[in-house]
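Asker: Our numbering puts the last residue of the sequence shown at 1849; the count rises by one with no breaks.
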Amino acid sequence: MSNLTGGRASTKLNQLTDKIISAPILPEDEKELDEECKREEELMLKEKYKESLKRRHDLAIVLKTKCNKEIARAIMRDLDEQGFDTVLAECSGKQVRLTKETESDTIILEEPSNARVIFVAYDDERAILREAENLRFRKFKRPDDQTAYDKDKREKIDYLDARIIKHEEKDFFKVAEKEKYEGGDFNTILTDGEINLCVYKLVSSLQLTKSTSNSYKALPVNVYPPLPNEALIFYLLKHGYITEMVPLHSRSRSKENYKPLFESVMKQYKAPVEDLRSYYGESVAIYFEWCNFMARWLLVPSIISIILWLGEFFNADARDNTLFNYMFAVGITIWSPMLVRFWRRRCSEIDIEWDNYNLSTSAVSFRQEFKGDIRINPVTDLEEDHYPSSQRLLRYIESFIISTPFMTLAFIVMISSLNMMGYSDKDDLLAWEFFAQMARQGGIFEKGTLMANIPSLFMSITMITIGVFYESAAKYATVRENHKTKEAHINSVNIKKFTFNFLFYFGHLFYVAFQRRDIDGLKKELIVLALVDEARRIFSESALPTFMKYGLHFDKKFGSAIEEELNELTLPEYTYFEDYLELVIQFGYVSMFAVAFPLGAFITYVFLFFERRSDAYKIEKLCRRPLSLNTSDIGIWDEVMKLISFTSVFTNLFLFSFHKTADGVVSQGCESSSYFIGIEHLLIIAIFILHAIISTKPKWVRIFLQRVDHKEKKKLILTSALSKFKGAFAKIRGIKFLTKKD
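(1) If you measure between the beta carbons of Leu1537 and Tyr1618, is that distance less than 8 Å?
(2) Okay, do the stretch 1557-1568 and the stretch 1512-1529 touch, 3+ Cβ pairs below 8 Å being the bar?
(3) Checking 8 Å against the spacing of the C-beta atoms, do Met1352 and Val1310 come in under that value?
(4) Is the beta carbon of Pro1408 less than 8 Å from the beta carbon of Leu1166?
(5) Where are the alpha helix (DSSP H) runs, 4 residues long or more, that stay fully inside the stretch 1547-1597, in chain order?
(6) If Glu1301 and Ala1239 are in contact, beta carbons under 8 Å, what's the gap, nearest whole angstrom?
(7) Can you tell me where the beta strand (DSSP E) holding Ile1459 begins and where it ends?
(8) Determine, using beta carbons only, whether Pro1444 and Ser1802 come nearer to each other than 8 Å.
(9) Taking C-beta to C-beta, are Cys1730 and Leu1688 nearer than 8 Å?
(10) Counting C-beta neighbours from all protein chains within 10 Å, is the total for Ser1202 16 or more, i.e. buried, or is it exposed?
(11) For Phe1541 and Ile1551, I'd like the C-alpha separation in whole angstroms.
(12) Shorter than 8 Å from the beta carbon of Glu1553 to some beta carbon of chain B?
(13) By a C-beta neighbour count over all protein chains shown, 10 Å radius and 16 as the cutoff for buried, is Leu1430 buried or exposed?
(14) Considering only heavy atoms of the ligand NAD, does any lie closer than 7 Å to the CB of Asp1625?
(15) Give every residue of the same chain whose Cβ lies closer than 7 Å to the Cβ of Val1391, excluding the five residues on either side of it in the sequence, and list them in chain order.
(16) Does DSSP classify His1346 as helix, strand or coil?
(17) Round the Cβ separation of Phe1621 and Phe1518 to the nearest angstrom and send it over; I've been treating them as touching at under 8 Å.
(18) For Phe1694, collect the residues of the same chain with a Cβ closer than 7 Å to its Cβ; drop the 5 residues on either side in sequence, then sort them by chain order.
(19) For the candidate residues Cys1198, Gly1555, Ile1522, whose alpha-carbon lies nearest to that of Trp1539?
(20) Consult DSSP for Asp1230 and reduce its assignment to one of helix, strand or coil.
(21) Pull up the distance between the alpha-carbon of Ser1467 and that of Phe1421, whole angstroms please.
(22) Exposed or buried, what is Arg1623 when buried is set at 16 or more other beta-carbons lying within 10 Å of its beta-carbon?
(23) Helix, strand or coil: how does DSSP classify Val1471 here?
(24) Can you list, in chain order, the residues of its chain whose CB lies under 7 Å from that of Leu1326, leaving out five sequence neighbours each side?
(25) According to the neighbour-count rule (16 or more other Cβ atoms, all chains shown, within 10 Å of its Cβ), is Cys1777 buried or exposed?
(26) Taking 8 Å as the threshold (C-beta atoms), are Phe1395 and Ala1378 in contact?
(27) How many angstroms separate the CA atom of Val1815 from the CA atom of Arg1499?
(28) Give me the Cβ distance between Ala1637 and Ile1710, rounded to the nearest whole Å; I'm assuming they're in contact under 8 Å.
(29) Look at the alpha carbon of Asp1851 and the alpha carbon of Ser1455, and state the distance between them as a whole number of angstroms.
(30) Opposite Glu1351 in the DSSP bridges: which residues?
(31) Identify every run of the beta strand (DSSP E) within the stretch 1688-1775, keeping only runs that are complete inside it and at least 3 residues long; order them along the chain.
(32) Mind checking Asp1427: buried by the 16 CB within 10 Å criterion, or exposed?
(33) Only counting runs of 3 or more residues, tell me where the beta strand (DSSP E) segments fall wholly within the stretch 1268-1332, in order along the chain.
(34) Give the secondary structure of Gly1388 by DSSP, where H, G and I count as helix, E and B as strand, and everything else as coil.
(35) When you compare only the Cα positions, how much space is there between Lys1248 and Ile1504?
(36) CB Leu1313 to CB Ser1735, shorter than 8 Å?
The structure is reproduced here in structure tokens:
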């Protein structure tokens, strides 16, 4: 409940109270004064309710049509009884009826809507801090609260890395000691992202029994009762009464010290990762950290690629000399696996810097939808839900069977389109004469005519359409796989979607490169893809959605907090897949086709400059607020990049050894074969040696983790010894007691 009060009504009520206290009341006036006080109290409450209806909220619970007003009010009562402040917004066209307990108000929207939403705010700072303690956030304590012994000890330490000392000064946050942490204030101890996550967790984990919950009582009798320890929100989601629960920007952006993060990204060369982490959480920050890392690693290859391009541009003879391109490609085949290796090193550092090294299995985000049989864990001796790996293997086979028709259809569309585009000769293995003749002289798609663009357009539209249906099938198959954690579920969906997109983006390139062995044609395709695709992405992800959202009025203002929050709900959810996919595809262009496309490194470097800004704008302005989640790596994309970097060894050497010369003859003699096999072996050996030498954890990280492990063991030994001492002391006291009794 908001603590705001109506100003005019409160003043009048105070005046009446003073009048009652200061002057004697006649019996005939007592009734009139009581009625006047009651009217003023009602007026004050109404003004208080109206003021609270205008407040900003932390999150929104979107209701389905089957959730009638009675059930919605019951959900609100459950949340209100737990200390949350709720308001129900029922939209009908441009009119919104706002209901809070027994009071209601109406506002008019600029744009029509039919949403039914419960907006939730939470002001109990102590409860939020307790949730932060439960989530085991680590925080720095004030320097003046460290003991003199610790200060003296730190000053004498000269054998430890400064980063180890810095991160050991962090401690698990405890509400009882909140004044000892840096800032000492609620808004300085916790970031916006952490506050939003705590409120989200408090609402989503709320557990009520059927006897104590208004919501359960309001539901139809045929609805199954909740399972033991089942959260109210998940129960309502499962039975189709609510659609989703969405974190909101509204309250965070209303703070005086809020600065748009998009502006910070625009002003700086590197994305401000820590600022992004403070507001959006680590799942967004890790993406921008990866962009920064890729940009640093692309700097040297991009400079070399510009030099090679300038050499070809000013020296016509250099275009036929592939020696420098070959040397560049060999360098890239070493560079790409090293990039992946050093990124893993960086992730191990982030693991410490973002305090994720202490996360136990209990902190892993388990899926509520997971279904398993109860068994005793052989390690912990505790009961747990378990799904046999043999059954999941069958589900994987089922997923493969579901995916195969879509992949086969996409392959057929791609090959037939390439034939219609003229990318086939009669002796080609994948030459389909029926389609190939359409691209020849006199055919419907003859080269050089306007109709020649139709096959390319047909392939793009058809592949995208197949991809939409395939994505739905992939999600269905992944649900059937019954993964226990959200991370495993998301990774499984992403690997299925990437497999299809790999065929979409690289299928025709592999056909031109390895079936036709046409480096010049491959180079043209790569240039068009790299330039046109980047322009398309920026337009489709930022420019077009902005135009659709704001029209021609970019300075449009919203009329109220509720209207702004309703507008947030109309925005699409931010999904990480497309952004990661774009970077991985660009990495594939640079790594796998360096012989044909050295300039790809520079184009990708420039692409990253614009992509960071485009993505920051998209997240800030055009998407809902993502939930702040803990992470310190990029998930399955790390393995995808590792696979691409390993593949680049073979693709680049094959292109150099077996390509068509200027007169159209394929260079594939014994000499080329010998070079291919010999250099391929040398490169793979070199990569394995470098992998063996370069650890995925820097020295300071290894020492830090060893120190953490050592301290945990010491604590365990001390706890065990103390427990034994208490047991022995209890026995001695028991013996003395019996002796006295005798």
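Note that the Cβ used here is the ideal one computed from N, Cα and C, for glycine as well. Remember, it's a predicted structure, so these values are computed and weren't measured experimentally.
Answerer: This is what the structure holds:
(1) Yes, the pair counts as a contact, with Cβ atoms nearer than the cut-off.
(2) yes
(3) yes
(4) no
(5) 1561-1588
(6) 6 Å
(7) Unbroken run through Ile1459 is the alpha helix (DSSP H), 1430-1460; no beta strand (DSSP E).
(8) no
(9) no
(10) It is Gln, not Ser, that sits at residue 1202 in the sequence shown. When all chains shown are included, Gln1202 counts as exposed.
(11) In this model, Phe1541 and Ile1551 are separated by some 12 Å (Cα to Cα).
(12) Of the chains in the structure shown, none is chain B; there is only one protein chain.
(13) exposed
(14) Absence of the ligand NAD is noted for the structure shown, with no ligands found whatsoever.
(15) So the qualifying residues of the chain are Leu1383, Ile1726, Pro1733.
(16) Collapsing the DSSP output to three states places His1346 in coil.
(17) That pair is no contact at about 15 Å.
(18) Met1748, Ile1751
(19) Sorting Cys1198, Gly1555, Ile1522 by C-alpha distance to the C-alpha of Trp1539 places Ile1522 at the top.
(20) coil
(21) Confidence is the limiting factor: at Ser1467 the pLDDT is only 49, short of 50, which leaves the residue's position unreliable, though a coordinate-based value still follows. The alpha-carbon atoms of Ser1467 and Phe1421 are separated by roughly 60 Å.
(22) Buried is the call here.
(23) Its pLDDT being 44, under 50, Val1471 is placed unreliably in this model, and the coordinates cannot settle the point.
(24) The beta carbon of Leu1326 is closer than 7 Å to those of Ile1178 in its chain, skipping five residues each way along the sequence.
(25) In this predicted model, Cys1777 has a pLDDT of only 43, less than 50, meaning its place in the structure is not dependable; the value taken from the coordinates is given anyway. Under this definition Cys1777 is an exposed residue.
(26) Here Ala1378 is near Phe1395, since their CB atoms are less than 8 Å apart.
(27) If I take the Cα positions, the gap works out to 36 Å.
(28) 5 Å
(29) Nothing can be reported for residue 1851: it is not among the residues displayed for the chain, which extend from 1108 to 1849.
(30) Its beta-bridge partners are Val1169.
(31) none
(32) Interpretation of Asp1427 is limited by its pLDDT of 49, a score under 50 that renders its predicted location unreliable; no figure is taken from the coordinates.
(33) For the stretch 1268-1332, whole beta strand (DSSP E) runs of length 3 or above, ordered along the chain, are 1277-1279.
(34) coil
(35) C-alpha separation (whole angstroms): 52 Å.
(36) no
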